[in-house]
Amino acid sequence: MPTPPGAIRRFWARHPRLADILLALHVVPVMLTTVVMAIVEPGRYPWPDAVLQVLLLAVVGIALLYRRRHPVIVVTVIAAMTAIASWQQAQDSTSLGLLIALYSVAVYASSRGAWIAYGLSFAGVVLPAYFWIPWNDWVSFATAFALLNLIATLIGNNVGSRRRYTDALIDRAEQLARERDAQAQLASAAERSRIAREMHDIVAHSLTVVVALANGAEAAADRSPDAAKQAMREVRDVGRSALADMRRLLGVLRDGEDAAPDDAASALRPQPGNEDLASLVDSYRAAGVPVALTLTGEPPSSAGLQLTVHRIVQESLTNVLRYAHEPSRVSVAIVSSNTQVTVDVRDNGHGVGDSPVEGAGQGLIGMRERVAIYRGTLEVGPGPAGGWHVHAVLFADPEETT
2 MPTPPGAIRR
12 FWARHPRLAD
22 ILLALHVVPV
32 MLTTVVMAIV
42 EPGRYPWPDA
52 VLQVLLLAVV
62 GIALLYRRRH
72 PVIVVTVIAA
82 MTAIASWQQA
92 QDSTSLGLLI
102 ALYSVAVYAS
112 SRGAWIAYGL
122 SFAGVVLPAY
132 FWIPWNDWVS
142 FATAFALLNL
152 IATLIGNNVG
162 SRRRYTDALI
172 DRAEQLARER
182 DAQAQLASAA
192 ERSRIAREMH
202 DIVAHSLTVV
212 VALANGAEAA
222 ADRSPDAAKQ
232 AMREVRDVGR
242 SALADMRRLL
252 GVLRDGEDAA
262 PDDAASALRP
272 QPGNEDLASL
282 VDSYRAAGVP
292 VALTLTGEPP
302 SSAGLQLTVH
312 RIVQESLTNV
322 LRYAHEPSRV
332 SVAIVSSNTQ
342 VTVDVRDNGH
352 GVGDSPVEGA
362 GQGLIGMRER
372 VAIYRGTLEV
382 GPGPAGGWHV
392 HAVLFADPEE
402 TT
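With the sequence shown counted from 1, adding 1 to any position gets you our numbering.
Structure follows, in structure tokens:
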């Protein structure tokens with residue numbers, strides 16, 4: 002916030018209690034003058050009237066000390082003292098206190114309360130004075146009272162409205178700051194959720210392929226050592242790729258920590274997209290899944306949509322590797338256009354075989370979440386001719402298409 006203007010205003014803003022004390026002490030000179038006049042001219046200023054006036058001024062001064070915390074009570078008390086002073090025909094001694102009280106109501110209570118206090122003080126002070134003040138004096142008193150208190154009320158309303166408006170702006174700014182922080186936290190949580198899904202894909206899919214390759218290498222070790230070696234090389238490559246992806250994702254989870262120099266290349270590695278589909282299918286072929294890939298149409302330009310298509314294909318093939326029993330044909334068909342992408346994965350496996358890796362159903366949940374991001378549909382279930390069928394339709398965002 003900028004510094005408030007004026008050194009004097011800043012001083013009084015820092016010392017509100019001192020300001021109230023000084024305002025309350027304005028009655029002291031009038032009290033001393035009253036006492037002196039009662040001593041010098043006792044016939045003109047009788048002692049009973051002087052003592053009453055001093056008591057009225059003392060009450061006004063004490064009341065002004067609480068003008069910020071209880072402005073309505075203060076203006077009521079001072080108006081009563083002013084009414085008594087007008088009956089004593091010494092209302093000038095308390096008039097300044099009433100002006101300060103009306104100003105305080107407008108600033109520290111409300112504009113509506115200030116106008117109500119203005120009307121009630123006029124009715125409680127000026128109208129009763131009609132019965133003990135001569136007509137000409139009463140008219141002058143009523144006019145001066147109305148004008149002076151009107152000026153004090155208007156000034157108080159102006160200052161109070163600006164004060165309340167400034168407080169509202171500050172409160173709104175604080176709310177916006179809290180909402181901004183909450184949005185940042187929500188975005189961070191959403192990003193961490195996305196990273197958790199990516200880590201599930203990496204761990205579950207890569208380990209599934211590794212287990213399948215290891216089983217194949219064990220079975221071929223005696224009959225075909227070369228095939229077993231090739232399978233183990235595939236295990237090595239899949240493991241290295243999975244480790245690189247894990248390092249990259251875990252690096253994102255380190256809040257404020259710098260990535261290690263060895264991880265710089267993997268941290269800058271882009272997410273898998275269209276160009277990685279062929280290598281993805283090859284890795285499953287090496288694991289023993291007879292996959293045929295068909296790409297039709299222009300691939301989507303959106304990196305997020307490419308990643309979603311890649312993960313859907315990866316999850317579908319992983320489920321084939323896990324659960325399909327001796328499939329002889331697995332087809333992956335991707336049809337792309339400017340507005341949508343269709344992913345169709347089918348296999349002709351005949352039942353659930355011995356699953357090398359058990360799942361918890363998180364893969365299907367992740368696929369549904371990814372499809373929902375692009376307002377798409379997902380159908381998963383047994384195929385009409387046996388096996389398993391995954392059919393996803395994703396709608397491209399118009400702002401991301403070229």
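Glycine is no exception: its CB is placed at the ideal position from the N, C-alpha and C atoms.
Among the bridge pairs identified by DSSP, Ser242 is matched with none. The shortest CA-to-CA distance from Thr378 to any of Glu316, Gln341, Thr319, Ala386 is the one to Gln341.
Taking all protein chains shown into account, Asp348 has 16 or more neighbouring C-beta atoms within 10 Å of its C-beta and is therefore buried. Going by DSSP, Arg347 is part of no alpha helix (DSSP H) but of the beta strand (DSSP E) stretching over 341-348. For Pro17, the closest of Thr83, Ser302, Leu65, Val60 by C-alpha to C-alpha distance is Leu65. Looking at the backbone, the Cα of Glu380 and that of Asp223 are separated by about 42 Å.
Straight-line spacing of the CA atoms in Asn159 and Tyr104 works out to 10 Å.
Annotation: Asp238 to Val290 spans about 17 Å, alpha carbon to alpha carbon. As the crow flies, the alpha-carbon of Ala81 is around 14 Å from that of Leu97. The C-beta distance from Val282 to Leu294 rounds to 5 Å, short enough to meet the 8 Å contact threshold. The C-beta distance from Gln89 to Leu53 rounds to 6 Å, short enough to fall under 8 Å. Out of Ser87, Ala243, His71, Ser303, the CA that lies nearest to the CA of Ala107 is found in His71.
The count of Cβ pairs closer than 8 Å, one atom from the region 149-157 and one from the region 130-139, stays below three, leaving the stretches out of contact.
Beta-bridge pairing by DSSP links Trp389 to Pro383. Here Tyr166 is exposed, its C-beta having fewer than 16 other C-beta atoms within 10 Å.
When DSSP states are grouped into helix, strand and coil, Ala215 belongs to the helix group.
Counting the other Cβ atoms within 10 Å of the Cβ of Leu395 gives 16 or more, which makes it buried.
Looking at Arg45, Arg234, Val391, Gly114, the one whose alpha-carbon comes closest to that of Arg312 is Val391. In this structure, the beta-carbon distance from Gly274 to Val321 does not fall below 9 Å. Within the DSSP bridge table, the entry for Ser332 names Ala293, Arg347 as partners. Gln307 counts as buried, since no fewer than 16 other beta carbons sit within 10 angstroms of its beta carbon.
DSSP, read as helix, strand or coil, puts Leu26 in coil.
Within the model, the alpha-carbon separation for Ala220 versus Ala185 is close to 52 Å. Judged by DSSP in its simplified three-state form, Ser338 adopts coil rather than helix or strand.
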